[in-house]
Amino acid sequence: MFLRLLYESFRRQKRRKSVALLAIALGMSIATAMIAVASGIGDKISQELRATGANLLVTPIEDTLDVNLGGVDLKPASEGAYIPESDLPKMKGIFWGHNIVGFVPFLSAPVTFTKDHLKVPAELIGTYFDQPLRYGKETFSTGAHSVNRWWQVQGEWPQDYPDWPQGQAPAVLVGSKLAADAKIRIGDIVELSGRRLRVSGILNSGGAEDSALVAPLHIAQELLGRPNAVRRVVVSALTKPEDAFARRDPNKLSPAMRDRWYCSPYANSIAFQIHEALPNVRVEQIRQVEQNQGKILSRVSGMMLLLTLAALLASVLAVSAAMAATILERRQEVGLMKSMGASNAAVASLFLTEASLLALAGGAIGFLAGTALAHRIGQSIFGSSISVHPVVLALILFAALAVTFLGSAGAVRKAMRFDPAVVLRGDA
Amino acid sequence: MSRLKLFFGLLFKAAWIRKDRSLTAFVAAAVVATMATTALTVYFDLENKLSREFRSFGANVVVTKQGSLSTDELAKIDSVLGEKSEVVPVAYSIGTLDDGTRVVVGGADLAKLENLNSWWSIKHGLPTPPALVGARLDAKTGGAPFSFKPGSGSKAAMIVRGGDVFTSGADDDSRIYIPLDEFIHETGIEPNTALIRVVGRPVEIQSAIARLSAALPQLEVKPVRQITQAQTAVVDKTGSVVLASSAVIVVLIVLCMAATFANAVFERRRDFAVMKALGASNATVNMMFAAEASLLALAGAAAGFVAGSAIAYWIGRANFNAAILPQPALLLPVMAGSVALALFASAWSLARLQQIQPAGILRGE
Chain S
162 MFLRLLYESF RRQKRRKSVA LLAIALGMSI ATAMIAVASG IGDKISQELR ATGANLLVTP
222 IEDTLDVNLG GVDLKPASEG AYIPESDLPK MKGIFWGHNI VGFVPFLSAP VTFTKDHLKV
282 PAELIGTYFD QPLRYGKETF STGAHSVNRW WQVQGEWPQD YPDWPQGQAP AVLVGSKLAA
342 DAKIRIGDIV ELSGRRLRVS GILNSGGAED SALVAPLHIA QELLGRPNAV RRVVVSALTK
402 PEDAFARRDP NKLSPAMRDR WYCSPYANSI AFQIHEALPN VRVEQIRQVE QNQGKILSRV
462 SGMMLLLTLA ALLASVLAVS AAMAATILER RQEVGLMKSM GASNAAVASL FLTEASLLAL
522 AGGAIGFLAG TALAHRIGQS IFGSSISVHP VVLALILFAA LAVTFLGSAG AVRKAMRFDP
582 AVVLRGDA
Chain W
9 MSRLKLFFGL LFKAAWIRKD RSLTAFVAAA VVATMATTAL TVYFDLENKL SREFRSFGAN
69 VVVTKQGSLS TDELAKIDSV LGEKSEVVPV AYSIGTLDDG TRVVVGGADL AKLENLNSWW
129 SIKHGLPTPP ALVGARLDAK TGGAPFSFKP GSGSKAAMIV RGGDVFTSGA DDDSRIYIPL
189 DEFIHETGIE PNTALIRVVG RPVEIQSAIA RLSAALPQLE VKPVRQITQA QTAVVDKTGS
249 VVLASSAVIV VLIVLCMAAT FANAVFERRR DFAVMKALGA SNATVNMMFA AEASLLALAG
309 AAAGFVAGSA IAYWIGRANF NAAILPQPAL LLPVMAGSVA LALFASAWSL ARLQQIQPAG
369 ILRGE
């Protein structure tokens, strides 16, 4: 009997049920889309903040003080310590190796090169531009092209050949200020330590590199007589904003807490793991990038969270209003059922079962629509989709049930209070 | 009773007798208006609020000169940029420690430098520190007092006892900064660099650079591109996400509420039929329903605008520590949008009702 009443209610009141289903589905699609966007925006903005450059600096433990003035490294190549270049791929083997989106090694020293028989003093910087590397079975590319995204090259980026083809002058970049001062143009040939170098592009970085000759690392190593050596490495890693726990000393934590610290992608724990992989290096946070990125991320995520809360509240009100309206319009039905002997509990259970079925169907439809919306927002703004965790489905179905019950409960209680005779006369 | 009085009397009665139905329509309009106001108010102030957060990245413009910056040039930089920007002139030299190790020495207003580089982690020593010592330099000296010659032309060695030790994670960690007047006195070198923090939106930073370049063509004015580029990207992308999310929220809530509103009108088919049976024309009935819907929508929109502005204000206080102020310019579009929504939703239901004979409705068909 109960099931038959339920079935007939859905069959005979298609419009009312459609309105309620639409309201729940729309409300839940807002909730799904906003939860997905709010939880995914941290990663997306973190990727955008990578434009501020690397967030970790790797230097040899035994290194002497940096003598860098006006962006020019005044320390001669013979001074200080070096990191073996061949060790660098080991960084991808750490626990958080997949969070290391790139690294750029640097080797620099003051040199004098020749351009049209004129001697030009400048800094030679050797680095990776887009160097293919291998660690274990994994192959990846890294270099200034992807990490230092603010570098603008007019012309072509040089190739990082480990061995330049015989008879071909290796390609280099010339900083914009140096190019203007020494009247160097794209395609020109400069000579350094008896080696001819072809200028493939003019680099504009807004920093010290604008006054330097920037060459593939292997060429710089060869010219400076430092094979397999790099002076420092900047690492770009996806990290979690620093909190009080991140600042704890891992050596003073209990084993369980240490595991938690180690397995959290804090800049400190990634630095710790790089140091484990390369024991002769010092790894430090580039605080300007790391500390401030955390602040920006927390502001953006916080704002999206609050907007999501406001949207959820609006969805709750919208669904509640729709459910309340649907039930209140059914006063006469309630009056009829009660005059035929139905108890308040029986009527309420019919209404609430109807509401539950609508909630589950609306929640499922809303989840699918919200997932599609979040995907679309991610694709159109960030060029990559925002994925929705399957656990959100359970959350949305639960929320749909709760909201629908909340919206229905008051209206059902009110409908119960009417006198059946008055309702059936149409006076209520 | 005048016609107008009768009209308003009917409107009031219709709303009062079916309070729950009126309340539902009012809530529908208010929710739409609240979300539209919240989302748009946050969106319009977002660029300002996020740009303010980028202050903490420090200098976003660097001015340099071959030679040294004159007092007039520094004063002109200040006057061109105005009070919203901070300018820290810095002079550099290569000094030497006792053991002959070369060290970069900077001269600057230490308090201003510390404030500009707010990300530096500083271990404070004396209340008025004689110097700011980089962490790597401090490690080399073992944290003990040390002496150094700030420049090749220095007359005497300077001794540092109990300076503040800072960690930046960059080249600065190998440096020592001393007060600018002492630096000039010891080395005779004047500042050739000005670190500038322009507080504002990306376009305002670009405009400040253009003004500086035009006013002081002899100086090299450069943006710190990695910061300005990241600021532009983050502000643009976050703005787009907020706008897209707001559009999704508002459109879905509008649809949801339009359905509720249309349903509320449709449920009044008996009223409609009675009016028609008593001789009311379609135009009169339409006007009655439209006026009732518009009044409820206007009241809901006004309440929603107040609630939405309050939520946006709260979001600003809670998240950015600065209020997002109400945008009076939004009031009119929000009110107009709500009325349009109510009229659209009512018109759809009325159009359907007009296809049915009043007698049929009264018979319960």
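Taken in sequence, the protein lines are chains S and W.
Take our numbering: the final residue in the first sequence is number 589, and no numbers are missing along the way.
Take our numbering: the final residue in the second sequence is number 373, and no numbers are missing along the way.
C-beta atoms are modelled at their ideal positions from N, C-alpha and C, and glycine is treated no differently.
None of these values were measured; they are calculated from a predicted model.
Once you ignore the five residues that flank residue i on each side, which residues in its own chain have a CB closer than 8 Å to its CB?
{"i": "T225/S", "result": "K236, E240, G241 and A242"}
{"i": "L567/S", "result": "V477 and S481"}
{"i": "S425/S", "result": "K401, F406 and A407"}
For the candidate residues the options, whose alpha-carbon lies nearest to that of residue i?
{"i": "S545/S", "options": "A509/S, H536/S and P551/S", "result": "H536/S"}
{"i": "P199/W", "options": "M343/W, G171/W, V70/W and A298/W", "result": "V70/W"}
{"i": "A330/W", "options": "A320/W, K21/W and P153/W", "result": "A320/W"}
{"i": "M252/S", "options": "D404/S, A407/S and I435/S", "result": "I435/S"}
{"i": "A178/W", "options": "A359/W, R11/W, W127/W and E212/W", "result": "W127/W"}
{"i": "A311/W", "options": "A22/W, R29/W, F34/W and D28/W", "result": "F34/W"}
{"i": "V265/S", "options": "I542/S, D277/S and I286/S", "result": "I286/S"}
{"i": "A561/S", "options": "L534/S, W257/S and L478/S", "result": "L478/S"}
{"i": "P282/S", "options": "V308/S, L339/S and W312/S", "result": "L339/S"}
{"i": "F16/W", "options": "A147/W, I261/W and A299/W", "result": "A299/W"}
{"i": "G355/S", "options": "R419/S, A506/S, Q208/S and K280/S", "result": "K280/S"}
{"i": "R233/W", "options": "G367/S, R211/S and E383/S", "result": "G367/S"}
{"i": "A570/S", "options": "E515/S, I542/S and P581/S", "result": "E515/S"}
Quick one: does residue i have its CB under 8 Å from some CB of chain S?
{"i": "Q234/W", "result": "yes"}
{"i": "R110/W", "result": "yes"}
{"i": "A41/W", "result": "no"}
{"i": "V250/W", "result": "yes"}
{"i": "W356/W", "result": "no"}
{"i": "N327/W", "result": "yes"}
{"i": "R144/W", "result": "yes"}
{"i": "W128/W", "result": "yes"}
{"i": "T49/W", "result": "no"}
{"i": "K245/W", "result": "yes"}
{"i": "I184/W", "result": "no"}
{"i": "K148/W", "result": "yes"}
{"i": "A267/W", "result": "yes"}
For residue i, I'd like the list of residues in its chain whose CB is within less than 6 Å of its CB, leaving aside the five on either flank, ordered along the chain.
{"i": "L339/W", "result": "F313"}
{"i": "I197/W", "result": "A99 and S101"}
{"i": "T220/S", "result": "R393 and R443"}
{"i": "K230/W", "result": "V70"}
{"i": "S176/W", "result": "W128"}
{"i": "L534/S", "result": "A194"}
{"i": "I431/S", "result": "W257 and A398"}
Examine chain W for any beta-carbon lying closer than 8 Å to the beta-carbon of residue i, and answer yes or no.
{"i": "R460/S", "result": "yes"}
{"i": "L210/S", "result": "yes"}
{"i": "T303/S", "result": "no"}
{"i": "V553/S", "result": "no"}
{"i": "T565/S", "result": "no"}
{"i": "Q446/S", "result": "yes"}
{"i": "Q174/S", "result": "no"}
{"i": "N429/S", "result": "no"}
{"i": "T193/S", "result": "no"}
{"i": "L334/S", "result": "no"}
{"i": "G463/S", "result": "yes"}
{"i": "D404/S", "result": "no"}
{"i": "K344/S", "result": "no"}
{"i": "V573/S", "result": "no"}
Can you round the beta-carbon distance between residue i and residue j to whole angstroms, since I take them to be within the 8 Å contact cut?
{"i": "L54/W", "j": "T246/W", "result": "7 Å"}
{"i": "V391/S", "j": "L378/S", "result": "7 Å"}
{"i": "A270/S", "j": "T288/S", "result": "Rounded, the Cβ-Cβ distance is 13 Å, inconsistent with contact."}
{"i": "N430/W", "j": "R173/S", "result": "Only positions 9 to 373 of chain W appear in this structure, which leaves residue 430/W out of reach."}
{"i": "I206/S", "j": "V242/W", "result": "6 Å"}
Looking only at its chain, what residues have a beta carbon closer than 7 Å to the beta carbon of residue i, apart from the 5 residues adjacent to it on each side?
{"i": "A307/W", "result": "F34"}
{"i": "L124/W", "result": "G66, A67, E94, V96, L203 and R205"}
{"i": "A522/S", "result": "L182"}
{"i": "S190/S", "result": "G527, A530, G531 and L534"}
{"i": "I261/W", "result": "V39, V40 and M43"}
*Contained beta strand (DSSP E) runs [length at least 3] in the segment 246-324 of chain S, N- to C-terminal order*: 261-276, 279-288, 292-296, 299-303 and 313-316, all fully within the segment 246-324 of chain S.
*Could you pull out every unbroken alpha helix (DSSP H) segment of at least 4 residues lying fully inside the segment 189-241 of chain W, listed in chain order?*
210-223
*Write down every uninterrupted run of the alpha helix (DSSP H) in the segment 317-369 of chain W whose length is 4 residues or greater and which is fully enclosed by it, in chain order.*
339-361
*Just list the beta strand (DSSP E) runs in the segment 35-106 of chain W, keeping only unbroken ones of 3 residues or longer that don't cross its boundaries, in chain order.*
69-72 and 94-105
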